[in-house]
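Worksheet: one structure, shown below.
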Amino acid sequence: MQLLDRLFGLNGMTALITGAGSGLGRVIAEGYAEVGARVICADLLSERVAEVVTAIKASGGQAEPCVLDVWNEAEVAKLAADMGQETLDILVNFAGVATPPIMTHELSTQDWERGVGISLTGTFFMTRALLPHMRENGGSIINVASILGLGGYYPDFPASSADYAASKAGVIGFTRQVAVEYAAEKVRANVIAPGWHGGTRLGDGRRKERTKEEEERFYSEMNRRIPMKRRGDASEILGLALYLASPASAYLTGQVITQDGGWTAC
292 MQLLDRLFGL
302 NGMTALITGA
312 GSGLGRVIAE
322 GYAEVGARVI
332 CADLLSERVA
342 EVVTAIKASG
352 GQAEPCVLDV
362 WNEAEVAKLA
372 ADMGQETLDI
382 LVNFAGVATP
392 PIMTHELSTQ
402 DWERGVGISL
412 TGTFFMTRAL
422 LPHMRENGGS
432 IINVASILGL
442 GGYYPDFPAS
452 SADYAASKAG
462 VIGFTRQVAV
472 EYAAEKVRAN
482 VIAPGWHGGT
492 RLGDGRRKER
502 TKEEEERFYS
512 EMNRRIPMKR
522 RGDASEILGL
532 ALYLASPASA
542 YLTGQVITQD
552 GGWTAC
């Protein structure tokens with residue numbers, strides 16, 4: 292246990308996670324708290340923030356609420372200012388938005404700006420504002436992209452749209468630049484690029500709009516594409532997120548790690 296604690300323990304560390312109110316973001320927030328981190332749970336919806344903070348505290352963890360719109364530059368700047376001289380060890384940029392699958396010629400300017408704004412510009416706002424709180428002692432920035440940021444997919448896959456793909460590809464390029472700029476200051480930056488995960492708004496796609504037969508065909512087709520023949524579970528992202536946040540990954544920066552059941556290996 293001493294080895295595991297030394298490599299993967301987050302005792303005494305502070306982590307800020309956007310999109311912590313649901314899905315994969317909440318899984319990571321609860322997991323970090325379980326291994327000792329103090330977690331600042333940020334989300335746009337106050338009720339979701341309250342739920343995850345209550346759950347963490349009920350399990351004996353440390354958590355603080357943060358209602359935040361990452362696409363609002365002033366709100367992000369205020370968050371950083373309110374932290375004063377406090378240091379931050381881990382920043383997980385998970386907040387994002389998915390446009391329904393759509394062809395590019397049908398994509399509205401409003402949806403494009405919203406998709407790129409929240410997923411990419413929001414990641415930039417958060418990283419820029421909080422880097423000063425990480426530079427003195429080092430830390431880990433984990434940005435969440437998608438396999439859709441690595442290649443195009445026909446719009447039969449949830450969120451397969453130009454704004455989503457562009458924003459996630461942008462997150463990858465942005466993260467690599469940050470990794471190089473701050474590596475000498477022991478600030479690491481890496482990307483998790485998930486594939487199809489259940490238990491999330493994106494992973495569950497547009498289930499309410501499909502008939503039972505359409506749902507069965509959809510699952511069959513998606514599983515056919517994935518070498519592991521199944522979608523990931525939301526809980527399966529935690530191990531990777533813990534590794535990237537912990538001392539175990541101290542020499543890893545600027546990397547994109549896919550978690551997709553082998554999809555992008557094909």
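So the numbering used here is basically just the index in the sequence shown, starting at one, shifted up by 291. Backbone N, C-alpha and C define an ideal beta-carbon position, used for all residues, glycine too. Note that the coordinates shown come from a computational prediction; the quantities given were computed from them, not determined experimentally.
When DSSP reads this structure, N384 sits in a beta bridge with N434. The three-state reading of DSSP puts L307 in strand, counting E and B together.
For G310 against F385, the beta-carbon gap comes to about 3 Å, under 8 Å, which counts as contact.
The region 418-432 and the region 397-410 do not touch, with fewer than three beta-carbon pairs separated by less than 8 Å. Close CB contacts of A536 within its chain, under the 6 Å cut and outside five residues either way in sequence, are with I381 and S431 (chain order). Here D296 is exposed. Its C-beta has fewer than 16 other C-beta atoms within 10 Å. Just so you know, the alpha carbons of A474 and T466 end up roughly 12 Å apart. Around the beta carbon of A368, a 10 Å sphere encloses fewer than 16 other beta carbons of the protein chains shown; the residue is thus reported as exposed. In the same chain as S458, and ignoring 5 residues on each side of it, the C-beta atoms closer than 7 Å to its own belong to G406, V407, S410 and L411, in chain order. It is roughly 32 Å from the alpha-carbon of Q293 to the alpha-carbon of V471. Per DSSP, R516 lies in no beta strand (DSSP E) segment; the continuous alpha helix (DSSP H) that holds it begins and ends at K503 to R516. Taking M374 as the centre and dropping the five residues before and after it, the same chain places the C-beta of H424 closer than 7 Å to its C-beta, in chain order.
In the DSSP assignment, R521 falls outside any alpha helix (DSSP H), carrying neither H nor E. Segment contact: the region 337-350 against the region 544-553, fewer than three CB-CB distances shorter than 8 Å; contact not assigned. Where E355 is concerned, the enclosing beta strand (DSSP E) starts and stops at Q353 to V358. Pairwise C-beta distances place the region 524-534 in contact with the region 478-492, as three or more of them are shorter than 8 Å. Distances from the CA of E325 to each of G314, C332, G300 and L335 were compared; the closest alpha carbon is that of G300. Rounded to the nearest angstrom, the gap between the Cα atoms of E338 and L315 is 17 Å. Comparing alpha-carbon positions, the option among T544, E427, A456 and M304 lying closest to M394 turns out to be A456. In the same chain as L543, and ignoring 5 residues on each side of it, the C-beta atoms closer than 8 Å to its own belong to R479, N481 and L535, in chain order. Restricting attention to G530, I548 and G440, the CA atom closest to the CA of I483 is found in I548. Per DSSP, the beta-bridge partners of I483 are V435 and I548.
Taking 8 Å as the cut-off, the Cβ atoms of A460 and I319 do not count as close. The beta-carbon distance between V343 and E366, rounded to whole angstroms, is 19 Å. This is too long to meet the 8 Å contact definition.
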